[in-house]
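Numbering (the UniProt record's numbering), first residue to last: 1 to 225. Backbone N, C-alpha and C define an ideal beta-carbon position, used for all residues, glycine too. Quick notes on the structure that follows.
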Amino acid sequence: MHCRCDNSIRGKTEAGWQWGGCNRPISYGIWFSKLFIDQVEVLTRKKRHPRKQMNLHNNQAGREIIRHNLWTRCKCHGMSGNCNVKTCWLAQPKFPEIGKKLKDRYDSAHEMEFEYKIKKNGKKKFKKLVPKYKEYLPPSPLDFIYYDESPDYCTNNNSLGISGTKGRPCNISSSGVDGCELMCCRRGYNVDIVQESKSCNCQFVWCCSVKCDTCTEAVPKYTCK
């Protein structure tokens with residue numbers, strides 16, 4: 001697919017320089033992702049279905065996170081290197097950066113519950129999702145929401161496509177999600193000593209190369225029980 005330039009940003013800024021050139025077509029990308037991703041919910045679920053409300057909110061939150069993290073990328077021109085003239089444009093953050101921000105939002109998602117209205121026949125009908133804990137601030141357009149607890153990712157569950165963490169490599173020195181304490185879900189870990197080859201005793205040889213010996217080293221490898 002060939003995307004056109006985004007010409008929506010034009011004119012001078014407060015700093016005195018003028019927008020020009022070709023910005024990344026962020027608006028088009030957001031529009032297309034909404035058209036493509038949201039259609040599953042629009043076409044297959046009822047208007048007031050709770051999962052539809054949740055998924056549409058989270059889809060839009062993901063798009064807004066990208067929009068709010070655009071950055072101005074610049075390129076200098078000229079031979080002197082003093083950057084008297086430069087071209088700048090809005091660019092999308094790199095995928096690892098966006099992935100981290102999405103993961104942070106996932107970890108701090110807001111738990112919701114159902115709000116009902118009572119019909120004339122006395123039956124309850126789902127109305128909308130509302131925050132479960134009223135003492136907290138309601139979710140913003142950048143926050144993710146949920147109403148079902150996440151499944152147990154620690155153990156194998158083929159019906160949900162979850163392979164569990166048994167046999168997964170872990171980092172013994174990390175306190176993060178890759179660390180053995182969290183990764184192995186407190187089941188413990190196995191330690192295997194493996195022999196790894198690496199370059200050693202390297203010397204510069206005139207001219208012009210570097211020659212090294214190959215050494216083996218016993219390295220511990222940790223995997224979840």
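Consult DSSP for methionine 112 and reduce its assignment to one of helix, strand or coil. Taking the first residue of the sequence shown as 1, we reach residue 112 at position 112. The answer is strand: DSSP assigns methionine 112 an E or B state.
Using the C-alpha atoms, what's the distance from asparagine 58 back to cysteine 208? Here residue 208 refers to the residue found at position 208 when the sequence shown is read from its first residue. Here residue 58 refers to the residue found at position 58 when the sequence shown is read from its first residue. Approximately 57 Å, taken between the alpha carbons.
If you reduce the DSSP assignment to three classes, tell me which class glutamine 195 lands in. In the sequence shown, residue 195 corresponds to position 195, counting from 1. Of the three classes helix, strand and coil, the one that applies to glutamine 195 here is strand, per DSSP.
Assuming tyrosine 222 and cysteine 180 make a contact with CB atoms under 8 Å, what is their CB distance in whole Å? Here residue 222 is taken as the residue at index 222 of the sequence shown, counted from 1. Here residue 180 is taken as the residue at index 180 of the sequence shown, counted from 1. Their Cβ separation, rounded to whole angstroms, is 6 Å, which keeps tyrosine 222 and cysteine 180 in contact under 8 Å.
When the Cβ atoms of the region 102 to 111 are set against those of the region 129 to 146, are three or more pairs found closer than 8 Å? yes
Identified DSSP bridge partners for valine 219: Here residue 219 refers to the residue found at position 219 of the sequence shown. According to DSSP, which records beta bridges pairwise, valine 219 is partnered with Val194.
Please report the straight-line C-alpha distance between glycine 167 and tyrosine 28, rounded to a whole angstrom. As a working note, residue 167 is residue 167 in the sequence shown. As a working note, residue 28 is residue 28 in the sequence shown. Near 43 Å, if we compare the C-alpha coordinates of tyrosine 28 and glycine 167.
Expressed to the nearest angstrom, what Euclidean distance is found between the alpha-carbon atoms of residue 242 and proline 220? Because the chain spans 1 through 225 in this model, residue 242 falls outside it and cannot be assessed.
Per DSSP, glycine 179 is paired with what? In the sequence shown, the residue the question calls residue 179 occupies position 179. Answer by DSSP bridge pairing, in chain order: Asn171.
Output yes or no for whether 8 Å exceeds the beta carbon distance between lysine 34 and arginine 63. Counted from its first residue, the sequence shown places residue 34 at position 34. Counted from its first residue, the sequence shown places residue 63 at position 63. Contact: yes.
On a CA-only basis, which of Thr87, Phe204 and Thr165 is nearest arginine 73? Give me that one, please. Numbered from 1 along the sequence shown, position 73 holds the residue referred to as residue 73. Nearest option by C-alpha distance: Thr87.
Could you give the uninterrupted runs of the beta strand (DSSP E) lying entirely in the region 107 to 154, keeping only those of 3 residues or more? 110 to 118 and 124 to 131
How far does the beta strand (DSSP E) with residue 261 in it reach, from first residue to last? Absent from the structure is residue 261, since the part of the chain shown begins at 1 and ends at 225.
Extent of the continuous alpha helix (DSSP H) run through tryptophan 71: Taking the first residue of the sequence shown as 1, we reach residue 71 at position 71. Unbroken run through tryptophan 71 is the beta strand (DSSP E), 71 to 77; no alpha helix (DSSP H).
Around the C-beta of glutamine 39, are 16 or more other C-beta atoms found within 10 angstroms, so that it is buried, or is it exposed? By 1-based counting over the sequence shown, the position of residue 39 is 39. It is exposed - the Cβ of glutamine 39 has fewer than 16 other Cβ atoms within 10 Å.
Using CA atoms only, rank isn't needed, just tell me which of Gly176, Glu217 and Phe36 is closest to serine 199. If you number the sequence shown from 1, residue 199 lands on position 199. Among Gly176, Glu217 and Phe36, the Cα nearest to that of serine 199 is on Glu217.
Rounded to a whole number of angstroms, what is the C-alpha to C-alpha distance between glutamine 53 and leucine 137? Position 53 of the sequence shown, counted from the first residue, corresponds to residue 53. Position 137 of the sequence shown, counted from the first residue, corresponds to residue 137. Each residue's Cα considered, the two are about 19 Å apart.
Among Arg51, Gln60, Leu43 and Asn55, whose alpha-carbon lies nearest the alpha-carbon of tryptophan 31? Here residue 31 is taken as the residue at index 31 of the sequence shown, counted from 1. Checking every option, the nearest Cα to that of tryptophan 31 belongs to Gln60.
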